[in-house]
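Below: one structure, written as structure tokens.
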Amino acid sequence: MLVIKNDDFFDKLEEKYPFLWGFPLSKIYELFILSAKTENTFQVHCNDLKKNDSTCDLRHICTSVATLLLRLKDKFEHGERVSTFAKQCEYLNYWIYYNIKDSLKCNNISMFYERLNGIKQGLIPNGHTCDIQDFNIDKEEFLQKKTLFFHTEILHWFKNKYKGINNNDRTKYNEYLVEAYNFYKDIICSADSQIKANFNEELTKFKNIFNDTITYLKEKPIGIWQSVIPEKNESMCTNVLPRTERVISQAGREEYNVLSRQKVPLGSEGPKEQGEQGGEQERPGESGLSGLLVTAGDAPSILQDFNGQVINGGTPEEVRPSKASTIASSLAGSCFFLGMMYKIIKWHKYIFTEDKYYIYIMLIFLCYHCRIMYDFFDNIPTYINNVETAKNDNNELNHNDDCDGFSKQYTKDNISIGKNICEQFIKLCKQLPNVIDYNTRQPNYINDWNFLSYWLNIKIKESKLNGTICPDYFYSGMENHCIKTLPFSSQTNFIYNINKEDLGRMEILYILYKNYNKLDTIINNVTPQEPKSLLEPSRTCSNNYKIGRSMCYGKYNKFCEKLKDFKTKYENLYKTAESKGDQYTNNFKKLTDYENSNIISSTVIGSAAGLIPLFGILYKVGYLIIKF
Numbered sequence: 001m002l003v004i005k006n007d008d009f010f011d012k013l014e015e016k017y018p019f020l021w022g023f024p025l026s027k028i029y030e031l032f033i034l035s036a037k038t039e040n041t042f043q044v045h046c047n048d049l050k051k052n053d054s055t056c057d058l059r060h061i062c063t064s065v066a067t068l069l070l071r072l073k074d075k076f077e078h079g080e081r082v083s084t085f086a087k088q089c090e091y092l093n094y095w096i097y098y099n100i101k102d103s104l105k106c107n108n109i110s111m112f113y114e115r116l117n118g119i120k121q122g123l124i125p126n127g128h129t130c131d132i133q134d135f136n137i138d139k140e141e142f143l144q145k146k147t148l149f150f151h152t153e154i155l156h157w158f159k160n161k162y163k164g165i166n167n168n169d170r171t172k173y174n175e176y177l178v179e180a181y182n183f184y185k186d187i188i189c190s191a192d193s194q195i196k197a198n199f200n201e202e203l204t205k206f207k208n209i210f211n212d213t214i215t216y217l218k219e220k221p222i223g224i225w226q227s228v229i230p231e232k233n234e235s236m237c238t239n240v241l242p243r244t245e246r247v248i249s250q251a252g253r254e255e256y257n258v259l260s261r262q263k264v265p266l267g268s269e270g271p272k273e274q275g276e277q278g279g280e281q282e283r284p285g286e287s288g289l290s291g292l293l294v295t296a297g298d299a300p301s302i303l304q305d306f307n308g309q310v311i312n313g314g315t316p317e318e319v320r321p322s323k324a325s326t327i328a329s330s331l332a333g334s335c336f337f338l339g340m341m342y343k344i345i346k347w348h349k350y351i352f353t354e355d356k357y358y359i360y361i362m363l364i365f366l367c368y369h370c371r372i373m374y375d376f377f378d379n380i381p382t383y384i385n386n387v388e389t390a391k392n393d394n395n396e397l398n399h400n401d402d403c404d405g406f407s408k409q410y411t412k413d414n415i416s417i418g419k420n421i422c423e424q425f426i427k428l429c430k431q432l433p434n435v436i437d438y439n440t441r442q443p444n445y446i447n448d449w450n451f452l453s454y455w456l457n458i459k460i461k462e463s464k465l466n467g468t469i470c471p472d473y474f475y476s477g478m479e480n481h482c483i484k485t486l487p488f489s490s491q492t493n494f495i496y497n498i499n500k501e502d503l504g505r506m507e508i509l510y511i512l513y514k515n516y517n518k519l520d521t522i523i524n525n526v527t528p529q530e531p532k533s534l535l536e537p538s539r540t541c542s543n544n545y546k547i548g549r550s551m552c553y554g555k556y557n558k559f560c561e562k563l564k565d566f567k568t569k570y571e572n573l574y575k576t577a578e579s580k581g582d583q584y585t586n587n588f589k590k591l592t593d594y595e596n597s598n599i600i601s602s603t604v605i606g607s608a609a610g611l612i613p614l615f616g617i618l619y620k621v622g623y624l625i626i627k628f
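Under UniProt numbering, read the sequence shown as residues 1 to 628, first letter to last.
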């Protein structure tokens, strides 16, 4: 007689993902755990299924199914209705086929299902249905079908039972979503076209509920980084370069060791790619290095068009802004740039020759920060006001912005300092609508992120945390704990570590503009203020401008450009002071330039030694682009 087996598929899933115990699916599945005892009244209906071969003796499985139907009916009629009776019978179908999967070659399978459909007539609640069917597929195909079915059901409960989901388990949720995605991908990318044809309905249902679930969860205050399944399934199977995974962070957020958190499609489907919404996105022109450098400043906007596109894996290929800050601004930067170019050339053997766009995007990110890192100073008066507003905000944070929990985990030796910086960062983010609302197409979106990077870098530098934690890691910790304000786990942010040299320059510019704001308020305030109050902020500006000029070198240096912009604004403000009389100009110190050709810059890029490796790189880039 065939021995009844408990299908351990769901049990194993629950061991791996404990949150499944709380899903209604688990309660239904528990009903299928049977003892050897069955109702004797059903034996008469199943006796003709007897066979000498124990594998084909289906009497016990027949009476077990009848007993199960009786239990299901009894519980259903007593109000224990986890789902519809038809849905419970659908689960039962998979349990039955699992138990007969090794008996499929027996000649009494059709009779077995005839007996079950006869027995069920008196075991279905009034007004309900129960469809018991023979899948008529082999064992291996059934196991795939069953797994696809259960994943689809779990995703359904994910979406429709969101209130029962605990955000503290988001790491496990993400791991499960990745597993489900990869299972679907394995079927789509398999060479067995017959299985894909046989499972077409199930695959379509899975894809729809998977994408609906991802979209739904990302609208909630929970960190979900898995992207949706792309509209074109074929793009999932594109052959791309191997992905190097970084260690999963303490809070469980999985990141990948490439250059940014932007998603970049690597498929080779011609000059256009399909976006998440189905619209066609044109690739930027490939007009050589000059076009590349011009476009670099707009790289994030270009890439955002492809947000959500998934490639060859359960999670999107993601890229992160360079951690080396201003690449090519120093000899160290040049070496880093050289190293990254070497990697691109090395990786090229993994990339289809027609996939020039990938090379193009990689080069954009290599050039990205050397071009726009200082551009947030164009809006610095606004940012300074934002900082003051955040500082004066005494409101309590939402309980889902858990800076206390963050600081205990990430800055446990300086909990109060870590908590304070976290709270101020959250309040500062709330002053930046582009960041909070993820307005990637707004011109100042990138500037807002670059300012946040500066603010976080300088706050850590000024505190006891200096040297104990990197700003990007600090931010990652906040993102994992402050899910109300920072639900960006699979979105884009540009928090990066700024090197000491550039951070010092930015600090000079920030001090200059902060004191400029004070001067502007004194001079242009409707209520007249004491002219002597101009002396201190103007002296601070004068002294720091001298320091800034000593750091300035080279005609095209970005820092020098911003310093020159400040000088122009300062001189215009001085003219306004002149129009108000001597009592203002006597207390308003002018800026003084010290042109000293003997000043030795701390940055080597202005020298021949710094230019030699850079020119070598540019030559290689030009060669690569021409070659492709």
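Heads up, the beta-carbon is just placed ideally off N, CA and C, and yes, glycines get one too.
Report back the beta-carbon spacing between LYS145 and PHE135 to the nearest angstrom; my notes put them in contact at under 8 Å.
-> The Cβ separation is near 7 Å, so the contact holds.
Status (buried if at least 16 other CB within 10 Å, exposed otherwise) for ALA180 | The residue is buried, with at least 16 neighbouring Cβ atoms inside 10 Å.
Following the continuous alpha helix (DSSP H) through THR440, name the residue where it begins and the one where it ends.
-> Segment: none, THR440 is in no alpha helix (DSSP H) and carries neither H nor E.
Comparing alpha-carbon positions, which option in ARG115, ASP102, ASN99, LEU92 lies nearest VAL44?
-> That would be ARG115, whose Cα lies nearest to the Cα of VAL44.
Ranges of the alpha helix (DSSP H) found wholly within the stretch 509-562, counting only runs of at least 4 | Every alpha helix (DSSP H) of 4 residues or more that sits fully in the stretch 509-562 is shown, in chain order, as 535-551.
On the three-state DSSP scale, how would you describe LYS12?
-> Note: LYS12 maps to helix in three-state DSSP.
Burial state of THR568, where buried means 16 or more other Cβ atoms lie within 10 Å | Classification for THR568: exposed.
Going along the chain, which residues of its own chain have a beta-carbon closer than 6 Å to the beta-carbon of LYS548, five neighbours each way excluded?
-> The amino acid at residue 548 is misidentified as Lys; the sequence shows Gly. These residues qualify, in order along the chain: ILE508, LEU563.
Taking Cβ positions, are PHE451 and TYR383 nearer each other than 7 Å?
-> In terms of Cβ geometry, PHE451 and TYR383 form a close pair [threshold 7 Å].
State the DSSP-derived secondary structure class of residue 629, mapped to helix, strand or coil.
-> Because the chain is modelled from 1 through 628, residue 629 falls outside the range shown and cannot be assessed.
CYS189 - DSSP class collapsed to helix/strand/coil | In the three-state DSSP reduction, CYS189 falls in the coil class, being neither helix nor strand.
With distances taken between CB atoms, is the gap from ASN395 to PRO221 smaller than 7 Å?
-> Result no, Cβ atoms of ASN395 and PRO221 do not sit closer than 7 Å.
Buried or exposed: where does GLY467 fall if 16 or more other Cβ atoms within 10 Å of its Cβ makes it buried?
-> Answer is exposed; the Cβ neighbour count stays below 16.
Bounding residues of the alpha helix (DSSP H) (the contiguous stretch that carries CYS130) | From DSSP, CYS130 is part of no alpha helix (DSSP H); its letter is neither H nor E.
Nearest-angstrom Cα separation, counted from ASN499 out to CYS470 = Between CYS470 and ASN499, the C-alpha separation is close to 11 Å.
Short Cβ contact (7 Å threshold) for THR67 with CYS46 = Using a Cβ distance threshold of 7 Å, THR67 and CYS46 do not count as a contacting pair.
Sheet register partners of ASP401 (DSSP bridge) | Partner(s): CYS482.
Please name the residue in LEU519, TYR545, ILE132, MET111 whose C-alpha comes closest to that of GLN88.
-> Checking every option, the nearest Cα to that of GLN88 belongs to ILE132.
Assuming LYS207 contacts ILE229 under a Cβ cut-off of 8 Å, what Cβ separation, rounded to an integer in Å, is found between them?
-> Indeed, because the Cβ distance is near 5 Å, the residues count as touching under 8 Å.
Limits of the alpha helix (DSSP H) - the one that PRO221 falls within = For PRO221, there is no enclosing alpha helix (DSSP H), as DSSP marks it with neither H nor E.
Should LYS419 and ALA390 be called a contact, given that it needs their Cβ atoms to be closer than 7 Å?
-> Against a cut-off of 7 Å, the Cβ pair of ALA390 and LYS419 comes out as no contact.
Which value, in whole angstroms, describes the spacing of the CA atoms of CYS541 and LYS580?
-> Linking CYS541 to LYS580 through their CA atoms gives a straight-line distance of about 20 Å.
Does the beta-carbon distance from ASN108 to LEU49 come in below 7 Å?
-> Result yes, Cβ atoms of ASN108 and LEU49 sit closer than 7 Å.
Grab me the residues of LYS73's own chain with a C-beta within less than 6 Å of its C-beta, minus the 5 sequence neighbours each way, in chain order.
-> The answer, listed in chain order, is LEU123, PRO125.
Please classify CYS367: does DSSP put it in a helix, a strand, or coil?
-> At CYS367 the pLDDT is 45, less than 50, meaning the model places this residue with poor confidence; the figure from the coordinates comes in the next sentence. Correct three-state label for CYS367: helix.
Roughly how many whole angstroms lie between the Cα atoms of TYR545 and LYS590?
-> Straight-line Cα distance between these residues: approximately 10 Å.
Determine the contact status of ASN429 and THR521, defining contact as a CB-CB distance below 7 Å.
-> Note that residue 429 corresponds to Cys in the displayed sequence, not to Asn. Judged by beta-carbon spacing, THR521 lies beyond the 7 Å limit of CYS429, meaning their Cβ atoms are not closer than that value.
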